[in-house]
Structure formats: structure tokens, C-alpha cells
Amino acid sequence: MENFSPFNAKRCYTLPFNHGLYQPGSTIMPLPFVLTPNLQGGMELRIAENTVVDKPIALIFSGRSESMHHRVILENGAKATMIHAILDPQAELKQQALHIDLSPRAELEFYHYQPELAEAVVHTHYFIHQETHSQLRGYYINLGGKSLETTISAQLKGEYAHLKLTGFYKADHQQLVRQTLAIEHCASHTQSQQFYKGWAQARGQAYFDGKIVVAKGAQKVEAHQTNRNLLLSKTASVETKPQLEIYNDDVICSHGATVGDLDEEALFYLQSRGVAYQTARHILMEAFANEIFNQLPESWFLGEVDHV
Amino acid sequence: MLVIKNLHVSVDDKPILKGLNLHLPPGKVHAIMGPNGSGKSTLANVLAGKPSYTITDGEIILKGVKINELKPEERARAGLFLASQYPVEIPGVNNLYFMRTAYNELRKHRQEAPLDTIDFMALAKQKAHTVGLSESFLNRAVNEGFSGGEKKRNEILQMLLLEPSMAVMDETDSGLDVDALRLIGTAVNTLRQADRSFLIITHYPRLLDYIEPDVVHVMVQGRFQQSGSKALAHQLEKEGYGEFLTV
């Protein structure tokens with residue numbers, strides 16, 4: 008699989024984990040960061056001060072694990088791109104905890120990616136701590152599994168910290184996907200954006216729960232949340248729950264959540280030009296998803312994904 | 006080409022078309038004029054097969070085939086085209102991609118080979134030029150952010166590409182300035198031929214100065230009250246619909 012997988016040594020630093028344990032065999036040394044495997048499952052990865060990691064760091068997960076603990080630390084001014092990918096169709100990764108600590112001025116671009124894997128069970132909890140002037144852009148792509156739950160608990164502890172979370176999810180044929188976000192603005196001048204889109208069809212179930220908390224002492228905070236969902240069949244279900252807890256007056260916060268079917272006028276328009284109904288639905292679904300996919304700075308690892 | 010017999014159509018249980026009859030032979034241009042609320046757009050939409058319109062009586066026959074039950078895509082494949090009054094915006098769907106998909110679907114139906122991306126782009130650019138749309142409109146999402154006039158031009162561009170046998174134009178002239186009107190009129194005239202018919206729905210006779218109709222129908226309260234030559238259009242412009250509304 009190594010040769011045909013997009014995650015090869017030319018493209019990225021590949022760190023494979025099987026059943027929770029790091030498999031050092033194929034990783035090319037030296038690495039521009041310190042990697043300490045956790046014997047109980049997981050690892051600690053530390054990027055030193057002002058280091059700019061030249062290639063993405065790809066964590067590839069397979070197998071089964073009841074608990075994994077990772078910690079990613081970027082020291083002052085460090086910059087990196089990381090991809091957390093699950094490609095194993097039989098993967099069962101429960102209680103995977105991933106701590107991300109960004110020191111002052113650190114910048115991380117992070118991808119959580121899982122293609123459609125019908126039997127996969129993946130439950131991941133991200134704990135994000137950001138210090139002053141740090142930036143995290145997180146992209147969460149969950150394309151279907153038996154049970155996919157991604158929880159993100161983020162604390163913006165330092166002033167001018169910036170967190171942007173973008174996600175796409177879908178649930179088909181009795182699949183379940185749940186995205187739970189909680190972003191706490193602890194310091195002034197912090198900014199966050201949450202932009203998630205998804206759909207459920209057949210007997211799929213999709214849940215989005217997005218919380219923004221602005222602490223009492225945090226002034227001049229800007230926080231926005233948008234969640235758009237398509238409910239594509241009578242047997243599917245979508246639940247969206249925006250929550251805002253704002254304990255300070257001097258803030259700009261917005262949220263918007265929608266659930267609906269495809270635009271009937273647009274469907275008719277396509278059909279009136281000779282496009283068959285199902286093809287027209289696919290075109291509109293692809294357009295819906297592409298609003299997220301077009302925002303991914305890196306998409307080479309998506310391969311031949313047919314996400315519709 | 007198109008025969009409509011005693012057509013009754015309701016929208017939300019409200020009767021809009023009340024026994025409409027039309028005989029439109031191949032190669033002819035018929036115009037329909039009428040006051041607001043007369044049912045002109047209802048006729049256009051029910052011809053194209055829009056879902057919320059219910060045919061309660063009567064028949065629509067296109068090229069000898071009754072199309073009442075046909076889906077919109079089946080009517081398009083049979084050669085029908087509707088240039089909408091209010092073209093919908095479709096964010097995220099590329100205009101060129103959409104037109105190429107529609108074009109190749111029709112070719113597939115006629116068992117002709119599809120046109121590849123490059124050849125289609127060249128064709129689309131050339132046709133876009135004739136309706137005064139620059140190449141940039143091909144790269145944008147369908148109708149997204151287009152002005153009213155640009156949306157109408159995009160409709161006519163699609164008509165030029167898809168070459169329908171029965172083209173229905175629903176108030177294409179609203180939102181077009183004088184120059185655009187002339188351009189559209191010229192473009193549509195290039196499509197006039199013995200095996201193609203046009204049904205032009207309009208409030209004003211300006212477009213009919215460029216695309217001369219063979220017959221003008223006056224539509225009031227869901228039916229044609231009178232039919233005549235192009236002179237009827239100018240009479241309406243001068244005198245209004247007053248005498249027809251008392252019927």
C-alpha cells in the first residue's frame with residue numbers, strides 16, 4: 008500500500024500507527040521534530056522554537072484501539088502542517104485523545120481526514136490550547152462510517168489567538184456522524200470561525216453541536232459559526248444545535264444553522280436542460296460539498312474521492 | 006409542432022389556465038401578450054413541466070406526442086426549451102460545466118458523440134460573443150451575481166447551444182436595454198428555420214420589432230381572447246388591454 012498511497016516519503020513525513028502503536032519501520036530519518044512514542048498507544052510530537060517543518064506530517068491510523076493518547080506541541084514561532092488520516096476500512100479507534108498545544112506565534116494547519124469507510128468506528132477528542140498570536144486552521148473531513156464522532160474542545164488562552172475550523176461530513180445507509188465543537192475565548196482580541204456543512208441520506212444520522220463561549224474578561228472577541236445541512240431522504244435525520252454563552256458585551260458573535268433539501272428551482276432548471284433528475288441531484292450535492300472542499304489549502308491526499 | 010387543446014391548469018388549487026388552445030406549426034413564431042396575472046408564465050412553466058403546476062384538463066402535444074406526463078428532462082430531449090423569466094442562481098455549479106453537461110446529455114440521447122471540454126469551450130465562447138456575454142461569464146457559477154440582463158443573455162446563450170425545436174421565451178425582453186434587445190433579436194433570428202418554432206411571451210412589442218411574429222395572441226384570464234397579426238401588438242401598446250378585460 009505504501010507505494011500507491013498518496014502518503015509517500017516525497018510528499019510528507021509518514022508516521023503509521025497500527026492498533027494504536029507507532030510503527031517506525033518505514034519512516035525516513037532524520038525528522039525535523041522530536042517524536043516520542045507512547046507505549047500505551049499514541050505519541051508525543053514536539054516541534055522546536057521557530058522551526059518551519061518543510062513537508063506535512065501525516066499520521067496514518069489502522070487497526071483497533073480502545074484508547075490512544077497523542078500530544079502535539081509547537082513551541083514559540085513553530086510552523087507545521089499535519090494530516091490525521093484513517094484509511095483502514097475496518098478501523099475501530101475509540102477514545103482517541105489528541106492534545107494540540109500552540110505556544111505563542113505558533114501556526115498549525117491540521118487535517119482530519121477519513122474517506123468513506125462503511126464499517127469504521129472512529130471517536131476522536133481534540134483538546135486544543137492556544138497561546139498569544141497563535142493560529143490554527145483545522146479541516147475536518149468525515150465521509151462516512153458506522154460511527155464517526157469528532158469532538159473538539161478548544162481554549163484560546165492568549166490574546167490575538169486565532170482558530171478557524173472548517174468541516175464536511177456525510178452519513179449514508181445507517182451511518183452516524185457527530186461533530187461536537189466547543190470553543191472558549193478566554194482572552195481578549197481572540198477570533199474563531201466554525202464553518203461546517205454536511206448531509207444525511209438513506210438512514211444516515213448527522214449531528215452538529217457547536218458551542219462558542221466568551222469569558223467575562225475577554226473583550227474585542229470575534230466568533231462566527233455557520234452550519235449548513237442537507238436532509239436528503241425521509242428516513243435520514245439531521246440535528247444541529249448552535250450554542251452561544253457570552254459573558255462580555257464588547258464582542259461580535261454570529262451563528263447560523265440551516266437544514267433543508269436541495270433547491271427545487273435549481274433542480275427543475277437543470278432538468279429543463281435535459282439533465283436527468285438523479286444527475287441533477289448529484290450536481291447540486293457536489294456543488295454543496297465543494298464550497299468546503301475548495302477551501303482546503305492541501306487536497307492532494309483526497310485522491311480519487313467520490314464524495315457524493 | 007406544438008398543439009395545445011383545451012388546457013386547464015391550476016396552481017395550489019387555484020385555476021389559472023381556463024381552456025387554452027394553440028396551434029403552432031413548425032417554422033413559425035407566435036407571440037403571446039397579456040396583462041399581469043393572465044397566466045402567461047403559467048403557460049410557459051407548464052409546457053416545461055414545472056412540478057407545482059397541475060393540469061386538470063386538456064392536452065399538450067409536441068411533435069405529435071402528448072407530453073402531459075413527461076418529466077422536464079424528457080421534454081428537453083424532445084426538443085423543448087424554456088428561457089425563464091427569472092433564471093435561478095445556482096452557486097457552486099460552473100456555468101460552462103453546466104452547459105457542457107446539458108449539451109452532451111442531449112447528444113447522448115440523439116446517439117451522437119459528446120463534445121470534449123476544449124471543443125465545447127470554443128463553441129460556447131463563440132456563441133457567448135453573439136449575445137454580448139464575455140468569456141468570464143462562462144467561468145462563473147450559473148447566474149450567480151449576474152444582472153437581470155446578463156441572466157437573460159445566459160438563457161439565450163443556452164438556447165443557441167442546445168438548438169431546441171420548440172423554444173419558449175418567457176418575458177426575455179424585461180431587463181434588456183435597447184442594444185441587448187437588438188443583439189438578442191439578431192441571435193434568435195439566426196435560429197429561425199423550417200423545423201423550429203418559437204413562442205415569445207412578452208409585455209411590450211419592442212422585441213417583436215426584431216423577431217417578427219407570424220401570429221400575436223392576446224391572453225387574458227387564462228385563455229386567448231383574440232389572435233391576429235403583428236399589428237395587434239402595436240394596437241395593444243397604444244390602447245392597452247381594456248377592451249379584453251371586459252370580456
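Protein chains in written order, with my numbering: chain A, 8 to 315; chain B, 6 to 252. Every residue gets a Cβ at the ideal spot worked out from N, C-alpha and C, and that includes glycine. Given the structure is predicted, the values throughout are model-derived calculations rather than measurements.
(1) So, is A/A209 buried or exposed, given that buried needs 16 or more other C-beta atoms within 10 angstroms?
(2) Kindly say whether A/Y284, judged by its beta-carbon, lies nearer than 8 Å to any beta-carbon of chain B.
(3) Select from A/V220, A/G151 and A/H231 the residue whose C-alpha is nearest the C-alpha of A/A207.
(4) What are the residues in the region 254-278 of chain A lying within 8 Å of chain B by C-beta distance?
(5) Please report whether the beta-carbon of A/N297 lies at a distance below 8 Å from any beta-carbon of chain B.
(6) What's the C-alpha gap between A/I159 and A/S199?
(7) Grouping DSSP H, G and I as helix and E and B as strand, with all else coil, what is A/T286?
(8) Which residues in the same chain as B/R187 place their Cβ atom closer than 7 Å to its Cβ, once the five residues preceding and following it in sequence are excluded?
(9) Please state the DSSP three-state secondary structure of A/A222.
(10) On the criterion of 16 or more Cβ atoms from any shown chain inside 10 Å, does A/H180 qualify as buried, or is it exposed?
(11) Locate the beta strand (DSSP E) running through A/N25, then write down its first and last residues.
(12) If you measure between the beta carbons of A/V282 and B/E94, is that distance less than 8 Å?
(13) Pull up the distance between the alpha-carbon of B/E242 and that of B/Y58, whole angstroms please.
(14) Indicate the three-state DSSP secondary structure (helix, strand or coil) for A/S306 in the structure shown.
(15) Please look up how many angstroms separate the CB atoms of A/G6 and A/N236, rounded, as I've assumed it's under 8 Å.
(16) Going straight from the alpha carbon of A/Q278 to that of B/Y108, what length do you get?
(17) Closer than 8 Å by beta-carbon distance: list the chain B residues that pair up with A/I290, in chain order.
(18) Return the residues of the region 48-65 of chain B that lie within a Cβ-Cβ distance of less than 8 Å from chain C, sorted by chain order.
(19) Whose C-alpha, out of A/L238, A/H26 and A/H192, is nearest the C-alpha of A/L269?
(20) At least one CB of chain A closer than 8 Å to the CB of B/R82: is that the case?
(21) According to DSSP, is B/K68 helix, strand or coil?
(22) When you compare each of B/I206, B/T207, B/L212 and B/D200 to B/A192 by their alpha carbons, which one comes out closest?
(23) Do the region 173-186 of chain B and the region 140-149 of chain B meet, that is, are 3 or more Cβ pairs less than 8 Å apart?
(24) Give the residues of chain A in contact with B/L111, contact being defined as C-beta atoms less than 7 Å apart.
(25) Pull up the distance between the alpha-carbon of A/F300 and that of B/L25, whole angstroms please.
(26) Kindly indicate which three-state DSSP category B/A49 falls into: helix, strand or coil?
(27) Taking the alpha carbon of A/G145 as the reference point, which residue from A/K153, A/Y133 and A/P44 has its own alpha carbon closest?
(28) Given 8 Å as the limit, is there contact between the region 34-43 of chain B and the region 127-134 of chain B, that is, 3 or more CB pairs closer than that?
(29) Whose Cβ in chain A lies nearer than 8 Å to the Cβ of B/L87?
(30) Establish whether the CB of A/D313 and some CB of chain B are separated by less than 8 Å.
(31) Could you run through the region 162-181 of chain B and flag, in chain order, every residue whose CB is less than 8 Å away from some CB of chain A?
(32) For the beta strand (DSSP E) holding A/A98, just list the boundary residues, first then last.
(33) List the DSSP bridge partners of A/H136.
(34) Verify the CB distance criterion: does A/A161 have a CB-CB separation below 8 Å to chain B?
(35) Could you check the C-alpha separation between B/H35 and B/Y102 for me, to the nearest Å?
(36) Please list the partners that B/E140 has in chain A, where partner means a Cβ-to-Cβ separation under 7 Å.
With the given structure in hand:
(1) For the purposes of this step, residue 209 of chain A is taken as the residue at position 202 of the first sequence. By the 16-neighbour rule on beta-carbons within 10 angstroms, A/A209 is exposed.
(2) For the purposes of this step, residue 284 of chain A is taken as residue 277 along the first sequence, with counting starting at 1. Taking Cβ atoms only, chain B reaches closer than 8 Å to A/Y284, which makes this a yes.
(3) The sequence position of residue 207 of chain A within the first sequence is 200, counting from 1. For A/A207, the nearest C-alpha among the options comes from A/G151.
(4) Flagged, chain order: D270, E271, E272, A273, F275, Y276, L277 and Q278.
(5) Translated into positions along the first sequence, residue 297 of chain A becomes position 290. Closer than 8 Å to some Cβ of chain B, the Cβ of A/N297 qualifies, so yes.
(6) Here the question's residue 159 of chain A lines up with position 152 in the first sequence. Here the question's residue 199 of chain A lines up with position 192 in the first sequence. The C-alpha of A/S199 is placed about 13 Å away from the C-alpha of A/I159.
(7) Counting from 1 along the first sequence, the entry for residue 286 of chain A is found at position 279. Assigned with DSSP and collapsed to three states, A/T286 falls in helix.
(8) Residue 187 of chain B sits at position 182 when you count from the first residue of the second sequence. Answer for B/R187: Y215, listed in chain order.
(9) Within the first sequence, numbered from 1, the residue matching residue 222 of chain A stands at position 215. Of the three classes helix, strand and coil, the one that applies to A/A222 here is coil, per DSSP.
(10) Here residue 180 of chain A refers to the residue found at position 173 of the first sequence. Exposed is the label assigned to A/H180, since fewer than 16 other Cβ atoms lie within 10 Å of its Cβ.
(11) For the purposes of this step, residue 25 of chain A is identified with residue 18 of the first sequence, where counting begins at 1. Looking at the DSSP string, the run of the beta strand (DSSP E) that includes A/N25 is Y20 to N25.
(12) Taking the first sequence and counting its residues from 1, the one referred to as residue 282 of chain A is at position 275. Taking the second sequence and counting its residues from 1, the one referred to as residue 94 of chain B is at position 89. Taking the C-beta atoms as reference points, B/E94 is found no nearer than 8 Å to A/V282.
(13) What you label residue 242 of chain B is simply residue 237 of the second sequence in a count that begins at 1. What you label residue 58 of chain B is simply residue 53 of the second sequence in a count that begins at 1. One Cα belongs to B/E242, the other to B/Y58, and the distance between them is close to 30 Å.
(14) Within the first sequence, numbered from 1, the residue matching residue 306 of chain A stands at position 299. DSSP places A/S306 in coil when its eight states are reduced to three.
(15) Only positions 8 to 315 of chain A appear in the structure, and residue 6 of chain A is not among them; the question remains open.
(16) Taking the first sequence and counting its residues from 1, the one referred to as residue 278 of chain A is at position 271. Taking the second sequence and counting its residues from 1, the one referred to as residue 108 of chain B is at position 103. If you take the alpha carbons of A/Q278 and B/Y108, they lie about 12 Å apart.
(17) Locating residue 290 of chain A in the first sequence gives position 283, counting from the first residue. Residues of chain B passing the Cβ test: V98, F103 and T106.
(18) Of the chains in the structure shown, none is chain C; the protein chains are A and B.
(19) Within the first sequence, numbered from 1, the residue matching residue 269 of chain A stands at position 262. It is A/L238 whose Cα lies nearest to the Cα of A/L269.
(20) Taking the first residue of the second sequence as 1, we reach residue 82 of chain B at position 77. At least one chain A Cβ lies under 8 Å of B/R82.
(21) Reading the second sequence from its first residue, position 63 is the one you call residue 68 of chain B. In the structure shown, B/K68 sits in coil (DSSP, three-state: anything other than H, G, I, E or B).
(22) As a position in the second sequence, residue 192 of chain B is number 187, starting the count at 1. Checked all of B/I206, B/T207, B/L212 and B/D200; the closest Cα to B/A192 is B/L212.
(23) No, they do not touch.
(24) As a first step, residue 111 of chain B is located in the second sequence; it is residue number 106 there, counting from the start. Neighbours of B/L111 in chain A, taken as residues at a C-beta separation under 7 Å, are given in chain order as G281.
(25) Your numbering for residue 300 of chain A matches position 293 in the first sequence. Your numbering for residue 25 of chain B matches position 20 in the second sequence. About 49 Å.
(26) As a working note, residue 49 of chain B is residue 44 in the second sequence. Per DSSP, reduced to three states, the secondary structure at B/A49 is helical.
(27) Against the first sequence, residue 145 of chain A aligns to sequence position 138. Minimum Cα distance to A/G145 is reached at A/Y133.
(28) A contact is defined here as three or more CB-CB pairs under 8 Å, and the region 34-43 of chain B fails this definition with respect to the region 127-134 of chain B.
(29) Working through the second sequence from its first residue, we reach residue 87 of chain B at position 82. Chain-order list of chain A residues neighbouring B/L87: S279, by C-beta distance under 8 Å.
(30) Working through the first sequence from its first residue, we reach residue 313 of chain A at position 306. With a pLDDT of only 49 at A/D313, under 50, the local geometry of the prediction cannot be trusted, and no value is derived from it.
(31) Within the region 162-181 of chain B, the residues whose Cβ lies closer than 8 Å to some Cβ of chain A are Q163 and L167, listed in chain order.
(32) Here residue 98 of chain A refers to the residue found at position 91 of the first sequence. Counting along the chain, A/A98 falls outside any beta strand (DSSP E), and DSSP gives it neither H nor E.
(33) Residue 136 of chain A sits at position 129 when you count from the first residue of the first sequence. Partner(s): A/D108 and A/Q162.
(34) Indexing the first sequence from 1 puts residue 161 of chain A at position 154. A/A161 has a beta carbon lying at 8 Å or more from every beta carbon in chain B.
(35) Locating residue 35 of chain B in the second sequence gives position 30, where the first residue counts as 1. Locating residue 102 of chain B in the second sequence gives position 97, where the first residue counts as 1. Taking the straight line from one Cα to the other gives about 32 Å.
(36) Along the second sequence, one-based indexing puts residue 140 of chain B at 135. Contact note: B/E140 does not reach chain A at a C-beta cutoff of 7 Å; the least C-beta distance is about 21 Å.
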